[in-house]
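Some notes on the structure that comes next.
Chains as they are written, first to last, in the numbering used here: chain A, 748 to 1247; chain B, 748 to 1247.
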């Protein structure tokens, strides 16, 4: 750990931690956000919330933990990554794994028929973290979901448009949206001879194709998961298909096996409808119809999609790096960023909650997308040098006092009074928390916080009811500023700030 | 539970929950925030963050859980209220109990010498919830803290000014700030004959004086906590004192016992210094110097304060109500809102972390205030009828199509294209997700989302390259709007929105 590294001798000497010893770190897979990083994060949040509002969505919030039974059976093999809270008496609860399941619970609980909602909040997964790639155990998701029974593929197409608009408005242009349809995929598994009860586990094997070559996945399908060589080969033929919506649709719509399978045929009809709407929204060029995309989560029932960039893929020699890696604390070396946004259609989740709670059946179809903030953050931070432009504080005015001599008080209470007047007028204002501060220290403090304006209480000038307003910054070094009446200070500062 | 109440017969019939039975609720003491509530909450957040920025603060974020050892020994008797995460292998962690301890950990870990930081985030306490009063197990705190060695009482006075500015800018004016000084209180305990090792537990007995009469507290001090009758009486004499800073200072500064106790004398000198600064900030009238205020937390070392309103106090017959209460799920009947903001000075917390982690000593004095959002929310919601004024969405434009006849397509892809143009221009736009929707349904949907403007694709007009822009709302019912060129739609909408 970081703390252990800071004093290795101490630890060696005692053999074990002394009673007082505390590791000064955040838990594995979590991090602090420093003020300069927060400026970038807030910019991402504000870009995405404005986008979501542009599409008519409202926002809600749900608790960070849910009753454990709410999360049970929703995440397939990944359920083992759920954080549980300790049983301290009372209900059994777990930290939310995503924002989708709490949303479906909310819709079912409140008998909502339709809603477009967005939710920006932290979720939790006990996964192998890769901190420098933005793969965390605590991370933010920015989700937008449309719930309600609508014309087929219309909300789906709009969500895909939101995905494209979101990434481009964050300055990310070199991405593609991998897209598939659960019904087509399930149809393929049926055609290949996978029994219905095995479909989800074969699906999660196929889902690994973005990290592992076909040979490894095939072995999982046959050796581990008991399918025949022939079944695996048939799956292999289909999942290697990818291209534009038009291209892959063209191939599948001439495939007798696909057309003869009811599920796959339904999926293919959806794709055809989508093709028109994707053109209306001018997003077709971003989409790669990729039959290898499976997505791990159990609850998807229709379209599934994820946005990837070059940084999403693991390095070529990931397998070797993983073997060599000694540290189990950070997987950054041998994994990629992963998808930077992902989602899909889930038509049964709300009803699952309605029925399980004894309410009457409520089939509320849903479709959504989730942006991964930490991954976007690590991309954006790599690409731009935003940090140089970040102003450390919002401070506009620094209140100072200049004077000297034996009777010099430093005008601290007087500086406070001036600051208070400016605060009351809504103006960001600071001053040095010191009775007598020399001019250099006050200028340094003003420069550090980036304030463009100083209000100066001169020893004699102040007694005459005057304050001095001066622009700050090297280009104004020789400018003495101007004297104004203390009674007009707020108006004078507002005017001057208007000119900055 | 709510779910059980919804289908009592079902539960009775089966005797116990069936396997599929799920309670459709949030965990005890937590709640969902619906969209209309979120508008109020966001307004509180934005008012407070603007206030904090006005005072030169930057924001940071820390994980929702911390290593368990970080939280250990910081909260006195309330430590039992900490939520632990289950030990699933790896580190032992707990949900944060406040934002102050994580802040001190952050300052120590990063060797920060001074910072003004604010943090708006959720904290967790396994307390008795009183939901309608805003006393929750998961709740938001809005904290601002100044860390750094500064002129005595200057940052303290500014934090008190932030407290007053915060509440008044939220429209809350009928509050008072109860204020005390840990050194004066500890001095009083010493004067009364409390041994040093008993001070904190006697202090937490005194802390209950806002909920319980002196008789009950006295019994706790003598019977439960083993102090003599004489000691308790002496404490009782002091803790009944309250009034303006001037008044109580006047009394204490003539008290030989106080003047003779070094700790108490130091505290009294601080109060004197504060009196001047409080006048500079014009906040004296809000302050009630109240020697019964103790605050439960262990880490305070100087000034302590909390803001209360009339709603803060429990009902007169709280004791009886509590006895009669059958439900252990919600204590709303017999408790008050409690303090709506609270804080104090803690000069040793950062150093405690620095030393315990083996770093060199780092005495970073801190002072801060924490606003309780849920309690403010419940006050604000009671007082105003903000909810009536809340616009459900940000939507500005509703795109519609009017037509009919056998060849009428409903112009869905065309509506999508128009919406996309408006989104690209940053304009909040919706349309009905239906191929053919009748005008009434489209107007209803537009009214529901509160959009002021409609863009209409008329069956013939659209073919001639024209779109109709129309103001929405009952006062424009007879206004047919105006026809514009489809190529100019963005500019035309922007102009029209400028007039709204």
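Virtual Cβ for every residue (Gly too), placed ideally from N, Cα, C.
If you're wondering where the values come from, they're calculated on a predicted model, not measured in any experiment.
- [ ] Kindly indicate which three-state DSSP category residue 995 (chain A) falls into: helix, strand or coil?
- [x] helix
Task: Inter-stretch contact (C-beta, 8 Å, three-pair minimum) for the stretch 1107-1118 of chain A and the stretch 887-897 of chain A - done: yes
Task: Pick from A:1164, A:1166, A:1147 that is closest to residue 1260 (chain A), judged by C-alpha positions - done: This structure gives no information on residue 1260 (chain A), because the portion of chain A shown stretches from 748 to 1247.
Task: Length of the line joining the Cα atoms of residue 1207 (chain A) and residue 855 (chain B) - done: 43 Å
TODO: Note down the Cα distance separating residue 985 (chain A) from residue 1015 (chain A), rounded to an integer number of angstroms.
DONE: 14 Å
Open item on the list: One question on the structure: do residue 1231 (chain B) and residue 885 (chain A) come within less than 8 Å of each other, judged by their Cβ atoms?
Closed with: no
Task: 4-residue-minimum alpha helix (DSSP H) runs that sit fully inside the stretch 891-975 of chain A, ordered along the chain - done: 901-916, 929-939, 946-953, 961-966
- [ ] Measure the C-alpha to C-alpha separation of residue 758 (chain B) and residue 768 (chain B) and round it to an integer number of angstroms.
- [x] Per-residue confidence for residue 758 (chain B) stands at a pLDDT of 40, beneath the threshold of 50, marking its modelled position as unreliable; the derived number appears in the next sentence. The straight-line gap from Cα to Cα measures roughly 9 Å.
- [ ] Alpha carbon to alpha carbon, how far is residue 877 (chain B) from residue 990 (chain B)? Give it in angstroms, no decimals.
- [x] 30 Å
Task: Contacts that residue 769 (chain B) makes with chain A (C-beta to C-beta distance below 8 Å) - done: 814, 816, 817, 1100, 1103, 1104
Task: Three or more C-beta pairs below 8 Å linking the stretch 1165-1181 of chain A and the stretch 1233-1244 of chain A - done: yes
Task: Nearest residue (CA-CA) to residue 1101 (chain B), options B:797, B:851, B:823 - done: B:851
Task: Within-8 Å CB hit, residue 873 (chain A) to chain B - done: yes
Task: Assigned exposure category for residue 866 (chain B) - 16 Cβ within 10 Å defines buried - done: buried
Open item on the list: Between which two residues does the alpha helix (DSSP H) holding residue 820 (chain A) run?
Closed with: Run containing residue 820 (chain A): none; DSSP gives neither H nor E here.
TODO: Could you name the residues of chain A that residue 850 (chain B) contacts, counting a contact when the two beta carbons are closer than 7 Å?
DONE: The premise fails here: residue 850 (chain B) is roughly 10 Å from chain A at the closest Cβ pair, so nothing lies under 7 Å.
Task: Buried or exposed (CB count within 10 angstroms, at least 16 for buried), residue 1055 (chain A) - done: buried
TODO: Pull up the CB-CB distance for residue 1240 (chain B) and residue 1179 (chain B), whole angstroms please, since I reckon it's below 8 Å.
DONE: About 18 Å separates the two Cβ atoms, so there is no contact after all.
Task: Cβ-Cβ distance between residue 894 (chain A) and residue 861 (chain A) below 8 Å - done: yes
TODO: Anything in chain B within Cβ reach of residue 1163 (chain A), meaning under 7 Å, just list it in chain order.
DONE: 1024, 1027, 1028
Open item on the list: Residues in the same chain with beta-carbon distance under 7 Å from residue 958 (chain B), minus the five sequence neighbours each way, listed in chain order, please.
Closed with: 1061
TODO: Determine the chain A residues that contact residue 1155 (chain B) at a beta-carbon separation under 7 Å, and present them in chain order.
DONE: Neighbours of residue 1155 (chain B) on chain A: none; closest Cβ ~15 Å, over 7 Å.
Task: Segment limits, beta strand (DSSP E) that includes residue 838 (chain A) - done: It is not in any beta strand (DSSP E) - residue 838 (chain A) carries neither H nor E in the DSSP assignment.
TODO: Assign residue 1139 (chain A) to one of two classes, buried (16 or more other C-beta atoms within 10 Å of its C-beta) or exposed (fewer than that).
DONE: exposed
Task: Beta-ladder partner(s) of residue 1092 (chain B), from DSSP - done: B:1114
- [ ] Could you check how far apart the C-beta atoms of residue 1219 (chain B) and residue 1193 (chain B) are, in whole angstroms? I think they sit under 8 Å.
- [x] 6 Å
Task: Cβ contact (3+ pairs, closer than 8 Å) linking the stretch 824-840 of chain A and the stretch 789-807 of chain B - done: no
- [ ] Please name the residue, chosen from B:815, B:807, B:857, that lies closest to residue 1097 (chain B) on a Cα-to-Cα basis.
- [x] B:857
- [ ] Could you pull the start and end residues of the beta strand (DSSP E) that residue 1144 (chain B) belongs to?
- [x] 1144-1149
Open item on the list: Strictly below 7 Å CB to CB, what residues from chain B border residue 949 (chain A)?
Closed with: By Cβ distance, chain B contributes nothing, its closest Cβ being about 26 Å from residue 949 (chain A), past 7 Å.
- [ ] Would you tell me roughly how many angstroms separate the C-alpha atoms of residue 1128 (chain A) and residue 1141 (chain A), rounded to the nearest one?
- [x] 21 Å
Task: Other residues of its chain near residue 979 (chain B): CB distance less than 7 Å, five sequence neighbours each side excluded - done: 965, 968, 969
- [ ] Kindly indicate the opening and closing residues of the beta strand (DSSP E) around residue 1205 (chain A).
- [x] 1200-1205
Task: For residue 896 (chain A) and residue 1019 (chain A), the rounded distance between their alpha carbons - done: 19 Å
Task: Nearest candidate by alpha-carbon position, reference residue 1091 (chain B), set B:1001, B:941, B:928 - done: B:928
Open item on the list: What does DSSP give as the partner residue(s) for residue 880 (chain B) in the beta ladder?
Closed with: Partner(s): none; residue 880 (chain B) has no beta bridge.
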